[in-house]
Amino acid sequence: MSFFGLDCFSKTERELERKITANDREYNLSFKYATNAIKTSKYNFFTFLPLNLFEQFQRIANAYFLVLLVLQVIPQISSLSWFTTVVPLIFVLVVTAAKDATDDINRHRSDNHVNNRKVQVLIDRKLRSEKWMNVQVGDVIKLENNQFVTADLLLLSSSEPLNLVYVETAELDGETNLKVKQALPVTGDLGDDVEKLADFNGHVLCEPPNNRLDRFKGTLTHGGQKHPLDNEKVLLRGCTLRNTEWCFGLVLFAGPETKLMQNCGKSTFKRTSIDRLMNVLVLCIFGFLAFMCTILAIGNYIWELNEGSEFTVFLPREDGNDSGFSAFLTFWSYVIILNTVVPISLYVSVEVIRLGNSYYINWDRKMYYAHNDTPAEARTTTLNEELGQIKYVFSDKTGTLTQNIMIFNRCSINGKSYGEVYDNTGQIAEHKDTVDFSFNPLADPRFVFHDHALVEAVKLENAEVHAFFRLLSLCHTVMAEEKTEGELSYQAQSPDEGALVTAARNFGFVFRSRTPDSISIVEMGKQRSYKLLGILDFNNVRKRMSVIVRSPEGKLSLYCKGADTIVFERLHQSCNKLMEATTEHLNEFAGEGLRTLALAYKDLDEEYFSEWKRRHHEASVTLDDREGRLDELYEEIETDLLLLGATAIEDKLQDGVPQTIEQLAKADVKIWVLTGDKQETAENIGYSCNLLREEMNEVFVVSGNSLEDVRQELRNARISMKPDAAENSAFLSEGTPDEGVKVAEEVANGEYGLVINGHSLAYALDHSLALDFLRTACMCKAVICCRVTPLQKAQVVELVKEHKRAVTLAIGDGANDVSMIKAAHIGVGISGQEGMQAVLSSDYSFAQFRFLQRLLLVHGRWSYLRMCKFLRYFFYKNFTFTFVHFWYAFFCGFSAQTVYDEWFITLFNMMYTALPVLGMSLFDQDVNDVWSFQHPQLYVPGQLNRYFNKSAFFKCALHSCYSSLVLFFIPYAALHDTVRDDGKDVADYQSFALLTQTCLLFAVSIQLALEMSYWTAVNTLFLVGSLLMYFAVTFVMYSNGTFLIFPSAFHFVGAARNSLKQPNVWLTILLTSILCVLPVVTYRFLLIQLCPTINDKVMLKVRQAKATPPPPTRRTRMRRTSTRRSGYAFSHAQGYGDLVTSGRFLRRPAPRSSGLVHTGRTTTGFSPIGRSAGYSPTGRPQNARAPDVEVTSLQMFRTIADPAL
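Count along the sequence shown from 1, add 8, and you get the number used in the working numbering.
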């Protein structure tokens, strides 16, 4: 259950600072801080009905129909019965209320689930189990291993040495690797002594609630001493306690005031662009309706003055009813009669169509992920057609594009490449046997490697290979845990570093444990302890890390790993030839999208190292430019290195990610990656998944540290992309971002990418720079934003929404993605390794990123196409239906008499035309799903809103006007002075009404048939069945028997029987039908011939192929040729080197075995849980253990054809 998806609340008075006294509820309550209870529901039992009805009648259409209902109960102006409006209105209200009630019940359950979780709270000097909702600011609470953190806490003490705790922050930043927090020594001494904790009365003065996840400022006053507090002392709500038996914390922020909740973003009611257009059109229709009614009222006034007096003899007026009052009543009477221009059945049909298309998504087996039994789910039914109009996709990286699994894939050692297996023909083998690691009892069974040559080289004691894996087992900041013998678990600050250490573990160099000054490893079954003399830690400038160790034999060595470009600069000249060979391999690895690192070492002289160590100590204690002096010393010692080789780790993409991004790019969908990862990692994934490409003219990196720096970098990038672009040409009007300025599309001279990091993005989103950033970013084919906070993700989405006026989609899998999922027009959640937080806040969910292309290019496009066809047709048939009334008014003295039978008016939208239009809107498709993937350009018209817009609506109204003229005047002329076969007159009102409504029904049915592209048995049944239903109902209602039973309700006695047997009536129906559809057929023929759309072209291809689609292209392994490499087996922030050497990470000692030398593998009772090179930060199994294979002699492997090596 996510905390992140819940609504945030704000206090009415702005809090400037927070004052808290531990264990003093009375004092803390005086400040009225928020409790830990969460409330997201809207209604309760008593408020549901009034509030829900109030909300529903805020919709223009519902309020309009309510006014109509009131008018219809006034006898003086109503010529229609009240049931024609009340029945559909009640149906709409009840269906909507039921849906709202269901949603709110689910919110109540969600609230109760979170609020009723239990936690131990220190009350009255005793630990009591309390519900989360009862926790208050200032309470001391106890958390246990694997528990969610209840609120934002000041860490007081823990079960671990030096009061460390390990927390997983996936819900906050999407990273599943563990973080370390440490309590103050003054509070750590409290331990788990309840008496001491109850006596603790420390006073905290800290910042007010805010959304900064990476910063906290405050002080703790206790025992007369002030202690500084920072982010390392605070546990945030949303974290999970890991590998820590217990800890105690003081509640600083609770419920909606926690940093997690401050980042959650607002839950907004999402409406589609078609909904917004509909609101505008409905208002226009209301205005047009008032205009028509005014004309008819004026006509009635004139008619009453000129002609009305002749009828007063047998139609006497009521007292006081003059021509003016008659015109006033006529106006309101025509408002009722002509209300079918916006029938309430339109809104009912729209909801049914959306519901049906949502079920298609839920039922789609091609979006079902069998691996974890996860189907696609449409969690909302109101946004389907919006899926066909997406222009911008904002994606998380970790867990969304990638699986968050690091795999040790390839390596190069001493000029020899390992990892690929070749058959006898020199081709890469399709069927590969996995390497048997049974010689190593401490190997991780989940580690999979296929190249037997490498393990053979290890067994043959190849010196370079041993040195390679020795380096991997020593040069890192991984922490090992061994609660029972042989069960190793690694806690790495980055998943790829864990993968490297686990690879070394499987090849016989097992990192076993560490102390502040030593590292214990098992080398080929022998226990060895290296003295750790120093860690030269990683940071974003150095891009490398080194360790200085003394071997058991007393040999001093420096081991270094880092980005190849950085390490190569520091190599000894003797390594030039080896460096060339390794560079070849690195290019090959990078071409496959692998993350690469170069490994090197050097032996140190004792005297030099003693002198260097003295200078290092002096630099580390100085207050003047400490970091600069340390960097100089690091540079000095990390020279003349000897190259060992390189590693290649696959940050495994989800299946189909590159193909999906390529398809979406062809559909002109722009993809922006918003990630909390560091720049290098995100950039590397960008290349791996084809978001960034080598073929691009340039990839701009914006990393300015001030507003002006960022402004200049953006301006330079813009000039590079389009030198002739005027400074303000992108803006359609002058104004600031707050005024909603629209940024126009600009086309760059080439293809470009943009990478911007978090601190630069903070400046780029500044009020004065936001439009410059947006303008520059939108000129690029791909944008990657790194190290962004959840709130920044939402701000980027809002910026594009507001100033590009384009439809946006956000997709993510973690709680840190919830804010952008809520901000975008469409939110998609991926049910991945980071839990269900994103799914619970999303509009649509599925298990794999690759399903996004099917959601958009198939379901989204079909939904949009169907909805547009539905609206065009619905407005056409109802305008035509209504305009006939308008023409008839000129022939009935503007008396507000209806041209049709009252029952036909009631049943026209509910029975006679409801099912055919629903059939088209649920089953129609221009081309099938395979052709949709073959031609992603079919998606573009939806982005441009081509199928239904104001222009299409105006054309629809003109077509309806023409059709209504034909449908009124052709039957009128056909029946004028006409007699039946027996000489009797047929030109009565009832016969004319029957003929007109029959012609109308045939005309709109034929028009529907022309609109449909895809005929099914259901469509055909609905269309033919509705016509047959019309005749059956008409004959029954116009029969003698019905009249005798209900004489006041059914007046058209025998009209159907007498009229429909006349040949001239059927000839009239045929003539009107032909005349109605003839202009449509002509227009479409000319349009296809002269100006065909992309749909017309593809549909022609389909017909030419006899509706047999070409076979889908086989997915092939994508390889890139690349000169770009990067090495990122490091954390997302500065490393833990200081923590490692300080001893603050220490855990309780693990049991040790006296004998560590094994000749075979023993698996009895052995269940390794360490993280493998199929490395998952969640510790879940990723690869099943391959069956054991017999180890043979050296297999075929690649060598460098250079005798010098």
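Idealized CB from N, CA, C, for every residue including glycine.
Measure the alpha-carbon distance for residue i versus residue j and round it to whole angstroms.
i: W1074; j: R862; result: 48 Å
i: V555; j: R33; result: 50 Å
i: V1085; j: Q1005; result: 17 Å
i: L699; j: L1094; result: 41 Å
i: G570; j: V122; result: 44 Å
i: L101; j: T177; result: 44 Å
i: C1007; j: T890; result: 14 Å
i: I68; j: T389; result: 20 Å
i: F887; j: S972; result: 8 Å
i: F1103; j: F931; result: According to the sequence provided, residue 1103 is Asn. The question's Phe does not apply to it. Near 17 Å, if we compare the C-alpha coordinates of F931 and N1103.
i: A772; j: M828; result: 17 Å
i: L1029; j: F99; result: 25 Å
i: W870; j: E393; result: 8 Å
i: F294; j: T348; result: 11 Å
i: K963; j: R115; result: 44 Å
i: E1019; j: M269; result: 49 Å
How about residue i: is its Cβ closer than 7 Å to a heavy atom in the ligand GDP?
i: I310; result: Absence of the ligand GDP is noted for the structure shown, with no ligands found whatsoever.
What do you get for residue i, buried or exposed, if any count of 16 or more other CB atoms within 10 angstroms of its CB means buried?
i: P1100; result: exposed
i: W371; result: exposed
i: T302; result: exposed
i: G226; result: buried
i: R1155; result: Residue confidence is low: R1155 scores 46 on pLDDT, short of 50, so the model does not pin down where it sits. Its coordinate-derived value is still stated next. Answer is buried; the Cβ neighbour count reaches 16.
i: S618; result: exposed
i: F17; result: At F17 the pLDDT is 40, less than 50, meaning the model places this residue with poor confidence and gives no usable figure here.
i: S776; result: exposed
i: I282; result: buried
Can the beta-carbon of residue i be found less than 8 Å from the beta-carbon of residue j?
i: V709; j: V763; result: yes
i: V836; j: I819; result: yes
i: T29; j: N218; result: no
i: A673; j: Y947; result: no
i: L172; j: S166; result: yes
i: A1001; j: D934; result: no
i: I657; j: I415; result: yes
i: W254; j: D200; result: yes
i: N153; j: R250; result: yes
Can you tell which of the options has the C-alpha that lies nearest to the C-alpha of residue i?
i: V473; options: W939, Y498, A654 and V1110; result: A654
i: C568; options: D611, I529, N595 and S537; result: D611
i: S334; options: L180, G901, L1031 and Y970; result: G901
i: Q144; options: Q155, V127 and N153; result: V127
i: L1035; options: T1024, V1012, S711 and A690; result: V1012
i: M286; options: G1033, C876, D934 and A922; result: C876
i: D404; options: L952, R1111 and T683; result: T683
i: P193; options: V360, H235 and L59; result: H235
i: F476; options: L76, R245, A606 and N60; result: A606
i: N1048; options: H1059, A1040 and Y1038; result: H1059
i: L817; options: K539, H230, L59 and A832; result: A832
Between which residues of its own chain and residue i is the CB-CB distance below 6 Å, once the five residues before and five after are set aside?
i: D197; result: none
i: E23; result: P216
i: R813; result: K750
i: N448; result: G516
i: Y309; result: S331 and A335
i: R478; result: F517
Got a sec? Which residues, its chain only, sit under 7 Å from residue i by beta carbon, not counting five neighbours each side?
i: V847; result: G837, S839 and S853
i: W340; result: L79 and I85
i: L1202; result: With a pLDDT of 31 at L1202, under the threshold of 50, the modelled position of this residue cannot be trusted; read the value that follows with caution. So the qualifying residues of the chain are A461 and E464.
i: C697; result: L409, L661, V665, P666 and I669
i: A904; result: S87, T338, S341, Y342 and I345
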